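Line by line, the protein sequences are chains A and B. Counting in this note's numbering, the final residue of the first sequence is number 275, and the numbers go up one at a time with none missing. Counting in this note's numbering, the final residue of the second sequence is number 850, and the numbers go up one at a time with none missing. A virtual CB, placed ideally from N, CA and C, is assigned to each residue, including glycine. The structure displayed is predicted, hence computed values, not measured ones. In what follows, a single structure is set out as structure tokens and then discussed.
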Amino acid sequence: MVRTLFYNSVFFLFTFPAFAAAKKDLSFWEMIAPPEDISENGHLITWLFNYVTGANVFFMTLVILGIVVFSYLYSAKRHKKAYYTYGDKKAHILFVAACCLAVFLGVDMNITRISNEDYTKVFNKPPDPTKEDVVRIEVLAQQWMWKFRYPGEDNVFNTADDVVTLNDLRVPINKKVYFQITSKDVIHAFYIPNIKRKIDALPGKITWMWTKFMKAGNWEIACAEMCGTHHYKMQAFLTTYTQDDFDKWYKNAQKYAELENNPEDPTVFWGWKWY
Amino acid sequence: MASFEQHIHDKPTTFISKYIFSFDHKVIGKQYLWYGIFFLLVGGLMALLIRWTLAFPGHAMPIVGHLLFPATNGVVPPDSYAMLFTMHGTIMIFFAITPILIGAFGNFCIPLMIGARDMVFPSLNMMSFWVAVVSGLLLLAGLITPLGAAAGGWTSYPTLSTLLGSPGVGQTLWTMSIFVLGISSLMGAVNYITTIIVLRAPGMGYFDMPLTIWGVWMTSILNAIFIPVLGAGCLLLIFDRVFGTTFFLAGATATQGGGDPLLFQHVFWIFGHPEVYILILPGWGIVSDLLSFFARKPAFGAKATAMCMVSITVLSTVVYGHHMFTTQMSPLLTQTFMTLTMTISIPSAIFFVNWLGTLWKGSIRFTSPMLFSIGVIFVFGLGGLTGLYLATVTTDLYLHDTYFVVGHFHYTMAASVLLAGFAGIYFWMPKMFGVLMNEFWGKVHFWLSFLGLNGVFMGMMLAGYGGMHRRLYDPFVYEFLQKLIPVNTFITYSSLLMGGAQVIFVINFIYSIVKNKKVEDNPWEVGTLEWTIPSPAPHYNFKEIPVVKCGPHELGNPALKDRDFQYQTEELVRG
Ligand SMILES: [Cu+2]
Ligand SMILES: [Cu+2]
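Following this line, the structure appears as structure tokens:
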């Protein structure tokens, strides 16, 4: 016991610097940069984030300046006699009120207005599959995997020709993708870092999300809501294709689906009619 | 203003009546302090284990790891990891911060600062503490059950926290423990509110109360209203787990039932958002007072500060929906909760202007309580401002459930509250134990803690901005998070620094008590009522019930001759 303890500690001391040195080639800013935004509208979130950051840097600078400058100027050594005031003079009250108004009207209400506009007019405005060409996908979350269901040739969900994948989401770019999401057991959250969005997967309820991918490549999908011991392993892979590549894959997957889906097996039909 | 006679009781003589089942609010306050510090150390150790796992996945933490997890050669296994972060959150919020800020300071300060001989209901007070002990035992009992303690996160969302996701008895014990703790908090709250209303010394109007008392008062009101809500939620969860009801189970494949898991989230956050303010309000009060005491001038806009506490108390009850944006509530509700949440920045802005206004043209004495108080302005500034991103629905879609949230709420609930708590401990040490803590080591404790906690919580926000989500045993199974390994290593080093700094505190704290070097009655030269009596306070507090003639922050009055402050029992000197 004592010996393993000792050896482990020694081993640790030597591996320590190795961890610290890992990925040294990235600059600080590259390191903390968010995942690349590959969605049509993710820039709205980025923009608002930066706007809030600008406001926050401004106010935090004021607070820090206040602390540092006052601490320097008015330390007991430098400033023997304090100024006796309750801060209830007219000028004081006006100053406080002006600060509040600047924060509330200048920043808060601006953010609220912009965010609400983005939310109601873009993110929370579902596409209409009857009027435009969208890719519809049903997502089922369960401990600890993601299942994706495409409607197949008949374009109707929960039929035997549906294409179903496990932890493997493939979508075309430059086209709206519309997800309906639910969970089989506990609460999960469907998180696509590269579009800066997530939405809960709730048992007994269907949530939805839409996006338009703009760049082809391989990406990751995660579960963002604690869902048990292996929450951290609830990972899926996202492949964004050009339309041609997607059609090729989909046609092929369709063939396999028709061969493999056994209509007699009720577990095949975990999907639902599209809402 | 006392509505009845307060008798002087005989000094308790036996050990049990003096230190164990004591009716004395000062002893109960100290009991809460020890209780809170004990759990603070347990929760802190858990935090270090969590941090270790994140920075060095698959490597044993020296010594502690080997002692706790011999089966896996010292490495924290994934299920224990979930228990660790669940218990860390629960312990820190309910068993460390609550007892220290509310239990210890509430109990100790209220009667002393309002000029009363004790709480209005001393036996309720004693019961409140011992019920809290029962609750703590229930929580710790979870650790020795076969499937271990609760592991569904401190929020314990169903259906994960029902039998479906957590079959072990640990989760039931967790729920019971929180329910029992709620009873304890409720008893405390009722006592505090009543004491503040009926036992203020003659002449003490509400605005003559120190802001600390305002903070504790508002906290108690929120506790009295919202703890029962959490209690109800816990009770329903216990029903689901033990009696087979389906309040929180919905009708999907694996979760038969006609209930709704979201119901729990509503109930939890109706309590949970006010809880943030329950924890921070006493801290705000303490800081507002201490800034004035050590800047040697009256608190700037003290009435406005008090009224802001009131308005935040009210507002905090109607904003909880911002925790549930990703459940896709109606856009109308989203907008409402976003707007309401933003209005909290108005009273918050007033706090900051008033705090800085108190420093402005003061004659600042940089004692250790003062350093901690100024530290609170900084960390609460960061914590409050970063809340903007999360109140904003679209940025929350990205940041929700990432480490950004973790960093944000640690700044507000951990950093601010801890620093305020330390400020209080350093400041009232003479009144509690009749001693002063070592100033030099107090300052070292401050600077190391301050550096450490900013490293930890700033690092967390950066990791969250980089996309790292919460509660991951090994975040680096994701390729897009691998570049964040150095950030996580940095956070862990900072947390070790922060943890190490607390060793200095514990040694300083124990050493000063053991050494027992007596201080004068009013070492900080402050005029509130607790400093008009000897240090440490005698068991009856005030020989004569004091009569209050001026406010709590009468410092720096130029009309004063031989000292720069006056006691609340003295007529206001006019020039
Ligand atoms: Cu999960
Ligand atoms: Cu909240």
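Under the DSSP definition of a beta bridge, Trp219/A partners with Leu238/A. For His675/B, the shortest separation between its Cβ and any heavy atom of ligand 2 does not lie below 6 Å. With a 10 Å radius around the Cβ and a threshold of 16 neighbouring Cβ atoms, Pro345/B comes out exposed. Shown here for Tyr678/B: same chain residues with a beta carbon closer than 6 Å to its own, the five before and five after excluded, namely Met735, Ala738, Gly739 and Met743 in chain order. The beta carbon of Thr667/B sits closer than 7 Å to the beta carbons of Met613 from its chain, once the five residues preceding and following it are set aside; these are given in chain order. For Leu461/B, the three-state secondary structure derived from DSSP is helix. The CB of His814/B never comes closer than 8 Å to any CB in chain A; the least such distance is about 36 Å.
Taking 7 Å as the CB threshold, Phe49/A lines the interface with chain B. A straight-line Cα-Cα distance of about 44 Å links Ala416/B and Phe269/A.
Glu829/B is classed as buried because its beta carbon has at least 16 other beta carbons within 10 Å across all chains shown.
Using a Cβ-Cβ cut-off of 7 Å, Ile45/A counts as an interface residue toward chain B, since at least one Cβ of chain B sits closer than that to its own. The C-beta of Gly506/B has 16 or more other C-beta atoms within 10 Å across all chains shown, which makes the residue buried. Beyond the five residues adjoining it in sequence on each side, Tyr294/B comes within less than 7 Å, by CB distance, of Val302 in the same chain, given in chain order. Below 8 Å, enough C-beta pairs join the stretch 777-793 of chain B and the stretch 696-710 of chain B to call them touching: three or more. Per DSSP, Leu646/B lies in no beta strand (DSSP E); the unbroken alpha helix (DSSP H) holding it starts and ends at Ser643 to Ala666. Every alpha helix (DSSP H) stretch that sits fully inside the stretch 319-397 of chain B and reaches 4 residues is listed by chain position as 339-343, 353-365 and 380-389. Looking at the backbone, the Cα of Ser623/B and that of Cys583/B are separated by about 8 Å. Three or more pairs of CB atoms, one per stretch, sit closer than 8 Å, so the stretch 315-330 of chain B contacts the stretch 351-362 of chain B. Within the stretch 626-645 of chain B, contact with chain A at the beta-carbon level (separation under 8 Å) is assigned to Phe627, Val628, Asn629, Leu631, Gly632, Thr633, Leu634, Trp635, Lys636, Gly637, Ser638, Ile639, Arg640 and Phe641. Flagged as an interface residue toward chain A: Asn832/B, by a C-beta distance shorter than 7 Å. For Asn124/A, the chain B residues whose C-beta falls within less than 9 Å of its own C-beta are Gln603, Pro606, Thr609 and Val668, listed in chain order. In terms of side-chain proximity, the C-beta atom of His685/B is found no nearer than 6 Å to any non-hydrogen atom of ligand 2. Contacts with chain A (Cβ-Cβ distance below 7 Å) from the stretch 453-480 of chain B involve no residue at all.
Within the stretch 144-158 of chain A, no residue places its CB atom closer than 8 Å to a CB of chain B. Counting only residues of its own chain and dropping the five nearest sequence neighbours on each side, Thr803/B has a CB closer than 7 Å to the CB of Met388, Pro485, Pro827 and Gln843. As DSSP reads the structure, Trp208/A sits in a beta bridge with Gln180/A.
Excluding residues up to 5 positions away in sequence, Lys198, Ala222 and Ala224 lie with their Cβ nearer than 6 Å to the Cβ of Tyr191/A in the same chain. Between Lys205/A and Trp144/A, the gap from beta carbon to beta carbon reaches 7 Å or more. Boundaries of the alpha helix (DSSP H) around Pro761/B: Ile760 to Lys790. Distance from the C-beta of His548/B to the nearest heavy atom of ligand 2 is below 6 Å. For the pair Gly490/B and Gly381/B, the CB atoms are not nearer than the 7 Å cut-off.
Ile621/B and Pro606/B have their C-alpha atoms spaced approximately 24 Å apart.
Taking 8 Å as the Cβ-Cβ cut-off, the stretch 749-767 of chain B approaches chain A at Asp749, Pro750, Val752, Tyr753, Glu754, Phe755, Gln757, Lys758, Leu759, Ile760, Pro761, Val762 and Thr764, given in chain order. Within a 10 Å sphere around the beta-carbon of Pro644/B sit 16 or more other beta-carbons, which makes this residue buried. The alpha-carbon separation between Gly311/B and Gly696/B amounts to approximately 11 Å.
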